[in-house]
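Reviewing the structure listed below.
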Amino acid sequence: MKMIKLVIYLIFTFFLLHSPVSAADTENKNTAGDNQRSAGEKPSPDKTIKTWTEPFTGMEFVWVEPGCFGMGQGSIAKSFLLKEVNKEDYVKYYADELPLHEICLDGFWIGKYEVTQGQWQKVLGNNLAHFQNGDQFPVEQVSWNDAQEFIKILNRQNKENLFRLPTEAEWEYAARAGTTTPFNTGEIISTTQANYNGTYLFGYGAKEEYRQKTTAVGSFPPNPFGIFDMHGNVWEWCLDWYGKDYYKDSPHHNPIGPKTGEAKVLRGGSWFRSPSTIRSATRYNRNPDGRYADTGFRLVKGLMIAESVDNNSVYFNQDF
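Heads up, the sequence shown is in my numbering, so the first residue is 759 and it goes up one at a time.
Rendered as structure tokens:
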């Protein structure tokens, strides 16, 4: 009898040790692995995206939570750029993205899409766009000053909700959407993800399509914040004057750019530009009177923000 019990025990132990892992065990292991996200990988939104619609034009806005981020050019972008251009051209065209520095911002509402031709016509009654392909296409060929006129008239329609251009820091924070890579899509980007001149290379990306015109807003997937077309389609005017060396002495909290200047900041690249120029960190500038077929804008809802003193933000109205 003892011998029989021993044999049964050994058989039971053998099957217990060699049985397959249960589905529950496998699921737990996979979940743990999924929670370990690599550096620079696009984060999953932790909260439902909060939106608001402007009643006069139907313009949609997305709430961007307050937070801090690394503003400027990272090491991956620098290594790719130095393979693309010589050191002299790198300093000339890309050194204004340095140094990489931490910026902290208050929360803000930003346009879910670039301002469209339909919205422009609703406010000003005309259409300055070169590519007049429909109401859902971005308005372009508008100067910084044209954008200010649009904002002025729109604000007259919204006594309780005022609008302005985003600061350069707000724009990059919204574009990155929690990412640290050259694009919010990762280290490289594809023409299936944005509208740009795909005949040029960047990093280990491939040559792709060149559409040679704007596309309707929202034609490509949004970034993790739920914002569309932050890479390509049209350059977007920012509030700031451009300062080549501004990053060296930039305030840490709510920077608004130099007090004076000759050119205004543009961000995001365009349908006409190479992938290197549509990166989250790319800085560009043009005369505020200039009108170009690859330049438009998006808005921020809220009062204009001033640099903080001892981390206490100061807000003030524009002249409406």
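No residue lacks a Cβ here, since even glycine has one placed at the ideal position from N, Cα and C.
- Following the DSSP letters along the chain, one finds Glu-928 inside the alpha helix (DSSP H) bounded by residues 926 to 934.
- Residue pairing by DSSP puts Trp-821 in a beta bridge opposite Trp-867.
- Relative to the Cα of Ile-1014, the nearest Cα in the group Gly-869, Arg-914, Leu-923 belongs to Leu-923.
- Lys-1022 and Tyr-1000 do touch by the CB rule: their CB atoms are close to 6 angstroms apart, below 8 angstroms.
- Counting only runs of at least 4 residues, the segment 862 to 909 fully encloses the following alpha helix (DSSP H) elements, listed from N- to C-terminal order: 875 to 882.
- Distances from the alpha-carbon of Ala-835 to those of Arg-1037, Tyr-871, Arg-1031 put Arg-1037 closest.
- Taking the C-beta atoms as reference points, Phe-1030 is found no nearer than 8 angstroms to Asp-1047.
- In the three-state DSSP reduction, Phe-921 falls in the strand class (E or B).
- Pro-896 is classed as buried because its beta carbon has at least 16 other beta carbons within 10 Å across all chains shown.
- Around the beta carbon of Cys-996, a 10 Å sphere encloses 16 or more other beta carbons of the protein chains shown; the residue is thus reported as buried.
- For Lys-1022, the enclosing beta strand (DSSP E) has its first and last residue at 1022 to 1025.
- Judged by pairs of C-beta atoms under 8 angstroms, the segment 953 to 971 does not touch the segment 869 to 884, as fewer than three such pairs exist.
- Here DSSP, grouped into helix, strand and coil, assigns Tyr-1042 to strand.
- Contact between the segment 855 to 868 and the segment 810 to 822 is established, with three or more Cβ pairs separated by less than 8 angstroms.
- Of the other Cβ atoms in all chains shown, 16 or more fall within 10 Å of the Cβ of Gln-831; this residue is therefore buried.
- Distances from the CA of Tyr-1042 to each of Arg-1025, Tyr-1050, Phe-1055 were compared; the closest alpha carbon is that of Arg-1025.
- A residue is called buried when at least 16 other Cβ atoms come within 10 angstroms of its Cβ; Asp-1007 does not meet this threshold and is exposed.
- Between Glu-846 and Asp-854, the alpha-carbon positions lie close to 13 angstroms from each other.
- In the three-state reduction of the DSSP assignment, Asn-916 falls in the coil class.
- In the structure shown, Glu-967 falls within a coil segment according to DSSP collapsed to helix, strand and coil.
- Annotation: Leu-1061 to Phe-921 spans about 7 angstroms, alpha carbon to alpha carbon.
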